[in-house]
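The listed protein sequences derive, respectively, from chains X and H.
Letter 464 of the first sequence, counting from 1, is numbered 464 in my numbering, and no numbers are missing.
Counting from 1 along the second sequence, just add 1000 to a position and that's the residue number in my numbering.
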Amino acid sequence: MFWQDLRYGLRLLLKRPGFTVVAVIALALGIGANTAIFSVVNSILLRPLAYPSPEQLVLINHDYPKIKLKASVSAPGYKHYRDNAKSFASIAALTGGNFNLTDSGEPERVNGGVISQNFFSTLGATAAQGRLFTPEEDRPGRNKVVVLNYAFWQRRYAGNPGILNQSITMNGESYTVVGIMPASFEFGREFGRPMDLWTPIAFTPEQLNFNRLTNEYLTVIGRLNPGTTITQAQAELDTIATNLRTQYMQGADRTNWGLTTQAFSEMVVGDMRQPLLVLLAAVGLVLLIACANVANLLLARAADRQKEITIRSALGANRWRVIRQLLTESIVLSLVGGMLGLALAAIGVRVLVKLNEAQIPRANEIGLDWRVLTFTLGVSLLTGILFGLVPALQISKTNLAETLKEGGRSGSNIARGWVRGTLVVMEMALALMLLIGAGLLIRSFWQLQKVNPGFDPQNLLTMNISLPQNKYKEAPQRAQFYQQALQQIRALPGVEAAGAVSILPMSGNNSSGSFSIEGRQVPQNQSMPHGDRWAATTNYFSTMKIPLIRGRYFEERDTAEVTGVAIIDETMARKYWPDEDPLGKRIAFERDDQGNPKWREIVGIVGHAKHRNLEGDSRVQYYLPHAQMPQGSMFLTIRVKGEPTTVTGAVRGVIHSLDKDLPIFRVTVMEQLVADSMAQRRFAMTLLVIFAGVALVLAAVGLYGVMSYTVTQRSHEIGIRMALGAQRSDVVKMVVRQGMMLASIGVLGGLAFAFALTRLMANLLFGVKASDPITFAVIAASLALIALIACFIPARRATKVDPMIALRYE
Amino acid sequence: MLTLRKIERAFEFGREKNYVLRGVNLDIEEGEFVTIMGPSGAGKSTLLHILGLHDNAWVGEYYFFDQAAHKLKPKDRAELRNKNIGFVFQSYHLLDQLTVQENLEVPLSYRNYGRAEREQLVRETLDRFQLTDKKHLYPSKLSGGLQQLIGVARAMIARPKLILADEPTGNLHSAQAKEIMEMFCKLNEQGTTIIQVTHSEINAGYSRRIVNIHDGNVVGEDH
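Have a look at this one:
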């Protein structure tokens, strides 16, 4: 029976290729969009991380609730938690370690992880070849061993197993390769920081001293004991934090410091959860619109099918049998749409990931797996039932005598018209919601692009250089290297200005720290002043075009030998010296051997430079002259006449003429970094715009279809009206009025729903309210205009009705 | 009132041209009650639609009073029709989704009547045709005779000078047909010119002049 229904269904679809193609395309778009987004959601939110029992992995952070700062963990803190927290089977630590690899090949900057010895075992990983680190190897002097990432081993050493137990030179020191991880172990990649290799961390007793409890630089991951919840672990850490505060902290930190936990998977997901859920809801709406469209097409076909169904009923088919036949046909249709949708999704996801790899966590894992295939199959079946059921119920409601007498003309056209109208209203409402959502994101993006970053990102080339510690041990060496390099770069043709800074805006990195203000005591219940802190060379501000508000920029005279100086930004000036002149005031963030603050005089106030991205407020910022705090790793900023990348080769030449072993990395232009900072927002916006566009087309086609069908159905009535005196304009008005009535109800309903639902995406908006009246009005008016066009075409066709023919061939 | 000279109407089927009317000449005076008769396919209904200015694809001369309809643009023809002509159809052609009252209002809505005037005319017409108690009913709830009565009332509501009726009693039994024909006579006595197309000798008997058509030509008249 089923096969008979199936065969008949397929034959019918082939017999009406026009209908089949339109329906399959609508379904493929709806199902494809859902499959694509679900495959992203599946990889990021649903699929467990690729570690054994990943739900037991927890991230531990130091927490400064008063300044809303979630910091890393210090070395003494890590050791203390590892040795005392009983909720955890093990606690591991990691810090980023970038190495200049200078063995036989090209010098290369590699991303490494400097890890505690138990790091791999905490994650449940084992080596594919060789071994992991031994407990002895996390001691100073014993830690010159390295474990390679599989992909790095393949790329750099062509998968040669002979590299095991060989030495490689990193940062000028010799390390022995002791192990190679399996291909499946890609720690770091899930949150966008793939690591090439790992070496053991070796804490000195000095580093483990509790006076460094807030010197935070470690990422700490714990594995909960089986059966222990994250809440229980948090409670234990709270107790540990209370004890530490009492024992080791004074002043402000006593009331503003704690420990916080977060599931490791949550950290990986980051800010992507909400955009993904919004997108998932959006594609759900697109699918509903597609379903309504196909249901309408089926209803339009109902008149053709009425005679056939009536004859089937007359021959003994009961209503359920007829419904089953019709549902089989609709499910066949949806499965074909689903298959095409799957193909579209496979291509779409590939393009999506390619365009946004850096911004999407676990991007490498996104693909079609059994979950996605099950989802697509389920959605296809559900879709087939959803769009098939209403027409099936309508068509199967047959009055045998009446229909046979009428020669197949339906007696339930009014009911069908009502259902069709309702479906179109629903399509319009859903499309409007999506369009408003997309409109709000576009407005947000537009507002964001208008934000002044506080510097001029045009024509700026940037790159990162890191001087190896063992080769550039002394501070003056480091200061001199950058001084020489910048001097030579400035002399290059095409270069207008060049400077360097320890952390570049929009680079994704940051460093911050607390400071004291001379003459001010911080009350017990308040926290220490805290701000972003960077080292900058003399020409950094002028190169970036960060405006000088008062005082001066750093100058050559700000050397290590003279009094320490600092430049603060305008927000810091306003916050801490609202009624005073900060110039000449002194701040300190470090102490000398006697424990006295090392005061620095504020010599300049500069504009605030947006740091993490263009959104929100960054913390207050203060800069120190590089000569007084020479960092090994600096970002060069080079302002160029014209296209910035034209001088890349020449700059490389300068750096390598000074040190041929220095790799240059993260070479990019500032405009790209600014654009990258908006990438996640652009990602969500682009997708929502695409989905809203699909929804708009489907809804417009739906309205057009219904109005076209109505015109065909009403041609007799139109003929009568024309015979009774209706002009063409009257006919156009009549058809358009009917269509616009449906569209208006849809638009009004959509506005109400959008008003309620866009609030859920308030977090994704910037510079625009979730109920922004301009967006609501413009989108509603645009949709109404498109609806008007969709109605006008059939309305014009209606005027072609010849009353003579309509009346004669009633 | 109406003067037709050398009216021709042909339908094209591919390269072939089939003449439905060939050189029809006809004069109809104001106040006449005329029946057009002839076998099926003779061109009666086509002639009626030309007289009613529904059809624009004919050639020849057609004077409506002193207006040369053949020289008017379609829009002006429509205006002339709306001002002067009412139609009654064999299948009534009432709009199913409208009530009796609303059906009567349809022709007025296309003739720039104000709301109050429309309501008054509908009220008067319902009264005149004794349909007031049926005004809220839908056509499907009424008998064929009543439906055609509404068809006649609808044709009359805009006070036309001419009523064109195409087999007005074709779907009615004899008693209902008699009522409708008597209504036509009454309207004619009140001054409305009536032209009907019918196969029925009995119905033709109500008129004062019969025009016979055969193969697209007027072949004779009976008075």
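C-beta: ideal position from N, C-alpha, C; glycine also.
Since the structure is predicted, the reported quantities are computational estimates derived from the model, not experimental observations.
When only Cα atoms are considered, H:Met1156 and X:Met741 end up about 32 Å apart. Residues of chain X with a Cβ closer than 8 Å to the Cβ of H:Tyr1110 are, in chain order, Arg721, Leu724, Gly725, Ala726, Gln727, Asp730. Contact annotation for X:Glu717 against chain H: Leu1095 [CB-CB distance below 7 Å, chain order].
Not a single CB atom of chain X sits nearer than 8 Å to the CB of H:Ala1165. Contact note: X:Leu807 reaches chain H through Phe1089, His1093, using a C-beta cutoff of 7 Å and chain order. Straight across, the Cα-Cα distance linking H:Thr1169 with X:Phe387 is about 47 Å. For X:Met734, no CB of chain H lies under 8 Å from its own CB, so it is not counted at the interface with that chain. Excluding five sequence positions before and after H:Ile1180, the CB atoms of its chain that fall closer than 8 Å to its own CB belong to Gly1145, Gln1148, Leu1149, Val1152, Pro1168, Thr1169, Leu1172, given in chain order. Identification of chain H residues near X:Met804 by a Cβ-Cβ cut-off of 9 Å yields Ser1045, Thr1046, His1049, His1054, Asp1055, ordered along the chain. By the Cβ neighbour-count rule, X:Leu315 is exposed, with fewer than 16 other Cβ atoms within 10 Å of its own. For X:Leu46, the number of other beta carbons within 10 angstroms of its own is below 16, and it is reported as exposed.
Secondary structure at X:Gln483: helix, using DSSP grouped into helix, strand and coil. For a cut-off of 8 Å, the C-beta gap from X:Asn100 to X:Pro663 is around 5 Å, short enough to register as a contact.
Ranked by Cα distance from X:Phe776, the options X:Glu601, X:Met249, X:Glu556, X:Ala756 are led by X:Ala756. Here the C-alpha atom of X:Gln274 lies approximately 24 Å from the C-alpha atom of X:Leu342.
Inter-residue distance for X:His656 and X:Ile240 is about 50 Å (C-alpha atoms, whole angstroms). Three or more pairs of CB atoms, one per stretch, sit closer than 8 Å, so the region 728 to 740 of chain X contacts the region 794 to 810 of chain X. With a cut-off of 8 Å on Cβ pairs, the region 342 to 353 of chain X is in contact with the region 30 to 43 of chain X, counting three or more such pairs.
Apart from the 5 residues on each side of it in sequence, X:Glu556 sits with its Cβ closer than 7 Å to the Cβ of Thr538 in its chain, given in chain order. Secondary structure note for X:Thr246: its alpha helix (DSSP H) is the uninterrupted segment 230 to 248. In this chain, H:Ile1157 is not harboured by any alpha helix (DSSP H), its DSSP state being neither H nor E. When DSSP assignments are scanned along the region 424 to 471 of chain X, the uninterrupted stretches of beta strand (DSSP E) that are 3 or more residues long and fall wholly within it turn out to be 460 to 466.
Selection H:Pro1039, H:Arg1015, H:Gln1196, H:Gln1090 evaluated against H:Leu1162 yields H:Gln1196 as nearest (Cα-Cα). Sixteen is the threshold: when 16 or more other Cβ atoms of the shown chains lie within 10 Å of the Cβ of X:Trp534, as they do, the residue is buried.
Proximity of H:Pro1039 to chain X, defined by a Cβ-Cβ separation below 8 Å, is not satisfied. H:Phe1013 is bridged by DSSP to H:Glu1016. Collapsing the DSSP output to three states places X:Gly97 in a strand.
By the rule that beta-carbons nearer than 8 Å mark a contact, H:Ala1042 does not touch chain X. Interface with chain X (8 Å Cβ-Cβ cutoff): H:Asn1082 is included.
Judged by DSSP secondary structure, H:Glu1079 falls within the alpha helix (DSSP H) whose first and last residues are 1074 to 1084.
Nearest to X:Asn613 by C-alpha distance, out of X:Met685, X:Arg652, X:Met506, is X:Met506.
Scanning chain X for C-beta atoms nearer than 8 Å to the C-beta of H:Pro1107 yields Leu724, Gly725, reported in chain order. Pairing X:Gly749 with X:Leu423, the inter-Cα distance amounts to about 13 Å. Nearest in C-alpha terms to H:Leu1080, of all of H:Met1037, H:Lys1006, H:Glu1012, H:Gly1052, is H:Gly1052.
Partner residues in the beta bridge of X:Pro597, as assigned by DSSP, are X:Arg591.
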